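Novice: Got a structure for you, questions after.
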Amino acid sequence: MTVYLLAPAALRIAPDDFSARVRSRFASELRRAGRFAQLCLLGAQACLDAAGGDGPLGVLWATGGGALDATRAALDESLKLGEPAMPFTFIATQPHLAGALLAQRSHPVTRAACLSLAPDAWPSLPHLAQRWLADCERVLVGWVEESASGGAAHRSDWCLLQKKMMPGAVRCEQVRSPENAAAATAEDWIPRVAAWHGSTNAPLVLRGSGDAWRFTLNG
Amino acid sequence: MTGAFVRACALASALGPDLEAAVERLAGAPAVPARNTKTGGAWPYFAIPVAEGDWRRRAEAIARSVAEDLRRKAALAPAQWAALPCIVGSSSFSVGAWDEGGWAALEPSFDFSLRLAKAFGVSGPVTAVSTTCTSGFAALDIALGLIAQGEAREVLVLGVELRNRLTVAGFAGLQLLSATAARPCDRGRDGLVLGEALGAVLVSAVPAPWRIASLASGMDAASVTGPSPDGTATAKTMRAAMAGARWESAAVDLIKLQSGGGPLADLAEANAVRELFSPVPRSVSLKGALGHTLGASGPAELALLLASLARGRVPATWGFSKPDDALGFAPSGGNAQGVRRVLFNLSGFGGSVMSLALENAG
Numbered sequence: 205m206t207v208y209l210l211a212p213a214a215l216r217i218a219p220d221d222f223s224a225r226v227r228s229r230f231a232s233e234l235r236r237a238g239r240f241a242q243l244c245l246l247g248a249q250a251c252l253d254a255a256g257g258d259g260p261l262g263v264l265w266a267t268g269g270g271a272l273d274a275t276r277a278a279l280d281e282s283l284k285l286g287e288p289a290m291p292f293t294f295i296a297t298q299p300h301l302a303g304a305l306l307a308q309r310s311h312p313v314t315r316a317a318c319l320s321l322a323p324d325a326w327p328s329l330p331h332l333a334q335r336w337l338a339d340c341e342r343v344l345v346g347w348v349e350e351s352a353s354g355g356a357a358h359r360s361d362w363c364l365l366q367k368k369m370m371p372g373a374v375r376c377e378q379v380r381s382p383e384n385a386a387a388a389t390a391e392d393w394i395p396r397v398a399a400w401h402g403s404t405n406a407p408l409v410l411r412g413s414g415d416a417w418r419f420t421l422n423g
Numbered sequence: 002m003t004g005a006f007v008r009a010c011a012l013a014s015a016l017g018p019d020l021e022a023a024v025e026r027l028a029g030a031p032a033v034p035a036r037n038t039k040t041g042g043a044w045p046y047f048a049i050p051v052a053e054g055d056w057r058r059r060a061e062a063i064a065r066s067v068a069e070d071l072r073r074k075a076a077l078a079p080a081q082w083a084a085l086p087c088i089v090g091s092s093s094f095s096v097g098a099w100d101e102g103g104w105a106a107l108e109p110s111f112d113f114s115l116r117l118a119k120a121f122g123v124s125g126p127v128t129a130v131s132t133t134c135t136s137g138f139a140a141l142d143i144a145l146g147l148i149a150q151g152e153a154r155e156v157l158v159l160g161v162e163l164r165n166r167l168t169v170a171g172f173a174g175l176q177l178l179s180a181t182a183a184r185p186c187d188r189g190r191d192g193l194v195l196g197e198a199l200g201a202v203l204v205s206a207v208p209a210p211w212r213i214a215s216l217a218s219g220m221d222a223a224s225v226t227g228p229s230p231d232g233t234a235t236a237k238t239m240r241a242a243m244a245g246a247r248w249e250s251a252a253v254d255l256i257k258l259q260s261g262g263g264p265l266a267d268l269a270e271a272n273a274v275r276e277l278f279s280p281v282p283r284s285v286s287l288k289g290a291l292g293h294t295l296g297a298s299g300p301a302e303l304a305l306l307l308a309s310l311a312r313g314r315v316p317a318t319w320g321f322s323k324p325d326d327a328l329g330f331a332p333s334g335g336n337a338q339g340v341r342r343v344l345f346n347l348s349g350f351g352g353s354v355m356s357l358a359l360e361n362a363g
């Protein structure tokens, strides 16, 4: 099945600016949501704002480190003191929280999952999204990483995949025998699609461990 | 409809270090879990009866033991086994290592999943997935995709949840735990009892007695920590699973309930069941025997249920004794004759709901 990609965006937020960015987008810090969930939501919402449209969504994202801030808060601030972990820093809730928050705030979400992959296994994400598209109209696909050090920015990279072709959408096709494909990773494939998008009419072909995907400007 | 089958299952759980011991134990008298000091002394906990010790070494020992059992049952050629893709579902991964080793002992969920795959002796692509308590079935969903797209003939699906203080503290903070015992569907139920498990399911394109007829996913956004009271999202997901399997509701012989003894969550699921079924088919909950094993619960309960059915028994629901009129039905064990179609429910934090339709292909 051919799928179409909309609104690829690579959001970078300096740790010191994070709270202001959340307040600016959502009017206040999101109660009962740790930083990872808020970071997911900021990027996902920016992508949805740019893509427009509505309808049921799947939300599928990957991460390397996961919810670092919430884990630290739960382990170092609560558990060491012998207190119960606060419900919304509790690690088991964190990866999935963003999907539920998105569903509560803006778009109906039919399913959500948070994955961790080998760096070159990124084609698993469009593959899985393609399968989910049998059950829902659109799937948000992302890569979210909290900054592990003071100097690095938080990252929340997203794009929207859908079955329906529309003007400005990028046609995405799996390529079994890629020629001239550039190696990409789980961390950089969305930023590379975002950087390519609108810069040239030539297709972009990115490869991972098993196969490659060709991105072509539609029309 | 999927073209995938359950080729083999294995399990380490509080019922025993292997699946056969667990089925044997499940047929006996119910046991009350001990209060496990490793996870916080105030709460009962279903621990795997494997020697204590360094968290990581214990995890690897459990994995190797389950792997050995699964490998024997799967009867794959060594090269086929070694090439298996491995999908790992968990809500906590290796966070328990922090209990003993602090930050230095923690590792990313993907690294822990690679470690598990290595303990299983497989070197195909590894993926880790977390959708809280449905993680094991989210892993199964990815496996079904690999088989459907022709990427793999067999896929190893692991659901793993191993002892850690954080999970217990989190559920305690949410006031979801029982101080005494899990009583699924019982009038006196007052909360969950957590447990640890490693469930392994080898999913295959090669026909086997149990076919995965469909797996449906849904999202209940009413609250991030509990279901909508009317069970709407659960009912919708169960309906989708039956539609995917091309079943009418009358075709369902047995429902494996999510029910873990939570007063409101059990009621919400019962509302969903009653909306779809009249009369309600036989039902069973396994959380009174295994505990709520969170991200492991899909593969763990699937392994235990199929092994029990293979011995001709629908297991009794441990912890259940007094029916709750508000639920409108009660679980019942006994002879499994005629049980050919099973609907298998899971739900979790963040509103994740999944329902699996299983069909005995004979």
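Top line first, the protein sequences correspond to chains R and Z. Under my numbering, residue 423 is the last one in the first sequence; the count climbs by one each step, no gaps. Under my numbering, residue 363 is the last one in the second sequence; the count climbs by one each step, no gaps. Cβ coordinates follow ideal geometry from the N, Cα and C atoms, glycine included. Since we're looking at a predicted model, the values are computed, not measured.
#1: Since TRP82 of chain Z and ALA180 of chain Z are thought to touch, with beta carbons under 8 angstroms apart, how far apart are those beta carbons, to the nearest angstrom?
#2: Skipping 5 residues on each side, what residues in its chain have a beta carbon closer than 8 angstroms to that of GLY354 of chain R?
#3: Determine the direct distance from the alpha carbon of LEU295 of chain Z to that of PHE172 of chain Z, and round the result to whole angstroms.
#4: How would you list, in chain order, the residues of chain R whose beta-carbon sits under 7 angstroms from the beta-carbon of MET239 of chain Z?
#5: Do ARG72 of chain Z and GLY125 of chain Z come within 9 angstroms of each other at the CB atom, strictly closer than that value?
#6: Quick check: is the beta carbon of ALA236 of chain Z nearer than 9 angstroms to any beta carbon in chain R?
#7: Would you please state the rounded distance, in angstroms, between the beta carbons of TRP336 of chain R and ILE394 of chain R? I believe it to be under 8 angstroms.
#8: Would ASP415 of chain R pass as a contact of ARG380 of chain R if the rule is Cβ separation under 9 angstroms?
#9: Using a beta-carbon distance below 9 angstroms, is ARG418 of chain R in contact with chain Z?
#10: Could you tell me which of R:LEU408, R:ALA266, R:SER232, R:PRO323 sits nearest to GLU350 of chain R, measuring between CA atoms?
#11: Looking only at DSSP bridge pairs, what is PHE47 of chain Z linked to?
#12: Can you tell me where the beta strand (DSSP E) holding ASN422 of chain R begins and where it ends?
#13: Let me confirm a value: PRO316 of chain Z is counted as buried when at least 16 other C-beta atoms fall within 10 Å, else exposed. Which label applies?
#14: Please state whether DSSP places GLN338 of chain Z in a helix, a strand or coil.
#15: At which residues does the beta strand (DSSP E) containing LEU209 of chain R begin and terminate?
#16: Could you tell me which whole beta strand (DSSP E) segments of length 3 or greater appear in the segment 92-173 of chain Z?
#17: Do three or more CB pairs link the segment 325-338 of chain Z to the segment 194-206 of chain Z at distances below 8 angstroms?
#18: Using a Cβ-Cβ distance under 9 angstroms, would SER403 of chain R count as near chain Z?
#19: Suppose you measure from the CA of VAL202 of chain Z to the CA of VAL7 of chain Z; what does that come to, to the nearest Å?
#20: How close, in whole Å, do the beta carbons of ASN405 of chain R and ARG375 of chain R come, if the pair is a contact with beta carbons under 8 angstroms?
#21: Taking Cβ positions only, does MET243 of chain Z come closer than 9 angstroms to chain R?
#22: What residues of chain R sit near ALA120 of chain Z, judged by a beta carbon separation below 9 angstroms?
#23: Since ASN165 of chain Z contacts ASP100 of chain Z with CB under 8 angstroms, what's their CB separation in whole angstroms?
#24: Taking only the alpha-carbon atoms, compute the straight-line gap between ALA52 of chain Z and ARG59 of chain Z and give it to the nearest angstrom.
#25: Which residues of the segment 304-334 of chain R have a Cβ closer than 9 angstroms to any Cβ of chain Z? Give them in chain order.
#26: Have a look at GLY363 of chain Z and PRO210 of chain Z and give me their C-alpha separation to the nearest angstrom.
#27: Going by beta carbon distance, what residues of the same chain come within less than 6 angstroms of LYS367 of chain R, once the five residues before and after it are set aside?
#28: Mind checking THR206 of chain R: buried by the 16 CB within 10 Å criterion, or exposed?
#29: Between R:GLU383, R:ARG342, R:PRO330, which lies nearest to ARG315 of chain R when the distance is taken from Cα to Cα?
#30: Please classify ARG235 of chain R as buried or exposed, where buried requires at least 16 other C-beta atoms within 10 Å of its C-beta.
#31: Pick helix, strand or coil for PHE278 of chain Z, following the three-state DSSP scheme.
#32: Thinking just about the alpha-carbon of each residue, which of Z:SER92, Z:GLU155, Z:ALA98 is nearest to the one in PRO86 of chain Z?
#33: Scan the segment 250-273 of chain R for residues whose Cβ lies nearer than 7 angstroms to a Cβ of chain Z and list them as they occur along the chain.
#34: For chain R, find out if any of its Cβ atoms is closer than 9 angstroms to the Cβ of ILE143 of chain Z; answer yes or no.
#35: Give the residues of chain R in contact with VAL130 of chain Z, contact being defined as C-beta atoms less than 8 angstroms apart.
#36: Just the C-alpha distance for ALA182 of chain Z and PHE321 of chain Z, rounded to the nearest angstrom, thanks.
Specialist: Let me lay it out:
#1: Taking the first residue of the second sequence as 1, we reach residue 82 of chain Z at position 81. Taking the first residue of the second sequence as 1, we reach residue 180 of chain Z at position 179. Actually they are not in contact, since the Cβ atoms of TRP82 of chain Z and ALA180 of chain Z sit about 44 angstroms apart, beyond 8 angstroms.
#2: As a first step, residue 354 of chain R is located in the first sequence; it is residue number 150 there, counting from the start. PRO219, listed in sequence order.
#3: Taking the first residue of the second sequence as position 1, residue 172 of chain Z is located at position 171. Taking the first residue of the second sequence as position 1, residue 295 of chain Z is located at position 294. Cα-Cα distance, rounded: 11 angstroms.
#4: On the second sequence, position 238 is the one that residue 239 of chain Z refers to. The premise fails here: MET239 of chain Z is roughly 15 angstroms from chain R at the closest Cβ pair, so nothing lies under 7 angstroms.
#5: Mapped onto the second sequence, residue 125 of chain Z falls at position 124. Mapped onto the second sequence, residue 72 of chain Z falls at position 71. Result no, Cβ atoms of GLY125 of chain Z and ARG72 of chain Z do not sit closer than 9 angstroms.
#6: Along the second sequence, one-based indexing puts residue 236 of chain Z at 235. Chain R contact via Cβ: absent.
#7: Numbered from 1 along the first sequence, position 132 holds the residue referred to as residue 336 of chain R. Numbered from 1 along the first sequence, position 190 holds the residue referred to as residue 394 of chain R. 17 angstroms between Cβ atoms; not a contact.
#8: Your numbering for residue 415 of chain R matches position 211 in the first sequence. Your numbering for residue 380 of chain R matches position 176 in the first sequence. Yes; because the gap between Cβ atoms is below 9 angstroms, this pair is in contact.
#9: Mapped onto the first sequence, residue 418 of chain R falls at position 214. So no, ARG418 of chain R is outside the interface.
#10: Start at 1 with the first residue of the first sequence, and residue 350 of chain R comes out as number 146. Ranking the options by Cα distance to GLU350 of chain R, first place goes to R:ALA266.
#11: Taking the second sequence and counting its residues from 1, the one referred to as residue 47 of chain Z is at position 46. Answer by DSSP bridge pairing, in chain order: Z:GLY196.
#12: On the first sequence, residue 422 of chain R is found 218 positions in, with the first residue counted as 1. Per DSSP, ASN422 of chain R belongs to no beta strand (DSSP E) and is neither H nor E.
#13: Mapped onto the second sequence, residue 316 of chain Z falls at position 315. Looking at its Cβ environment, which holds 16 or more other Cβ atoms inside 10 Å, PRO316 of chain Z is buried.
#14: Here residue 338 of chain Z corresponds to residue number 337 of the second sequence, with the count starting at 1. Reduced to three states, the DSSP call for GLN338 of chain Z is coil.
#15: The count along the first sequence starts at 1 and reaches residue 209 of chain R at position 5. Residues 207-217.
#16: Taken in chain order, the complete beta strand (DSSP E) segments of 3 residues or longer contained in the segment 92-173 of chain Z are 127-131, 155-162.
#17: Three or more Cβ pairs closer than 8 angstroms define a contact, and the segment 325-338 of chain Z falls short of that threshold against the segment 194-206 of chain Z.
#18: By one-based count along the first sequence, residue 403 of chain R stands at place 199. Output row for SER403 of chain R: interface = no.
#19: One-based indexing of the second sequence puts residue 202 of chain Z at position 201. One-based indexing of the second sequence puts residue 7 of chain Z at position 6. Answer to the nearest angstrom: the Cα atoms are 7 angstroms apart.
#20: By one-based count along the first sequence, residue 405 of chain R stands at place 201. By one-based count along the first sequence, residue 375 of chain R stands at place 171. No, ASN405 of chain R and ARG375 of chain R are not in contact; Cβ-Cβ is about 12 angstroms, not under 8 angstroms.
#21: One-based indexing of the second sequence puts residue 243 of chain Z at position 242. False, the Cβ-Cβ gap to chain R never drops below 9 angstroms.
#22: What you label residue 120 of chain Z is simply residue 119 of the second sequence in a count that begins at 1. The contacting residues do not exist; ALA120 of chain Z stays about 18 angstroms from chain R at best.
#23: Within the second sequence, numbered from 1, the residue matching residue 165 of chain Z stands at position 164. Within the second sequence, numbered from 1, the residue matching residue 100 of chain Z stands at position 99. Rounded, the Cβ-Cβ distance is 6 angstroms, consistent with contact.
#24: Translated into positions along the second sequence, residue 52 of chain Z becomes position 51. Translated into positions along the second sequence, residue 59 of chain Z becomes position 58. C-alpha separation (whole angstroms): 7 angstroms.
#25: Flagged, chain order: ALA304, LEU305, LEU306, ALA307, GLN308, PRO312, VAL313, THR314, ARG315, ALA316, ALA317, CYS318, LEU319, SER320, LEU321, ALA322, ALA325, SER328, HIS331, LEU332, GLN334.
#26: By one-based count along the second sequence, residue 363 of chain Z stands at place 362. By one-based count along the second sequence, residue 210 of chain Z stands at place 209. Cα to Cα, GLY363 of chain Z sits roughly 5 angstroms from PRO210 of chain Z.
#27: Counted from its first residue, the first sequence places residue 367 of chain R at position 163. The answer, listed in chain order, is LEU337.
#28: As a working note, residue 206 of chain R is residue 2 in the first sequence. Per the 10 Å Cβ criterion, exposed.
#29: Here residue 315 of chain R corresponds to residue number 111 of the first sequence, with the count starting at 1. The residue with the shortest Cα to Cα distance from ARG315 of chain R is R:ARG342.
#30: Residue mapping note: residue 235 of chain R aligns to position 31 of the first sequence, counting from 1. When all chains shown are included, ARG235 of chain R counts as exposed.
#31: To locate residue 278 of chain Z, count along the second sequence from 1; it is residue 277. The answer is coil: DSSP assigns PHE278 of chain Z none of H, G, I, E or B.
#32: The sequence position of residue 86 of chain Z within the second sequence is 85, counting from 1. Selected option, being the one with the closest Cα: Z:GLU155.
#33: GLY268, GLY269, GLY270
#34: Here residue 143 of chain Z corresponds to residue number 142 of the second sequence, with the count starting at 1. Judged by the 9 angstroms Cβ criterion, ILE143 of chain Z is in contact with chain R.
#35: Along the second sequence, one-based indexing puts residue 130 of chain Z at 129. Simply ALA317, CYS318, LEU319, SER320.
#36: Within the second sequence, residue 182 of chain Z is the residue found at index 181, counting from 1. Within the second sequence, residue 321 of chain Z is the residue found at index 320, counting from 1. Cα-Cα distance, rounded: 10 angstroms.
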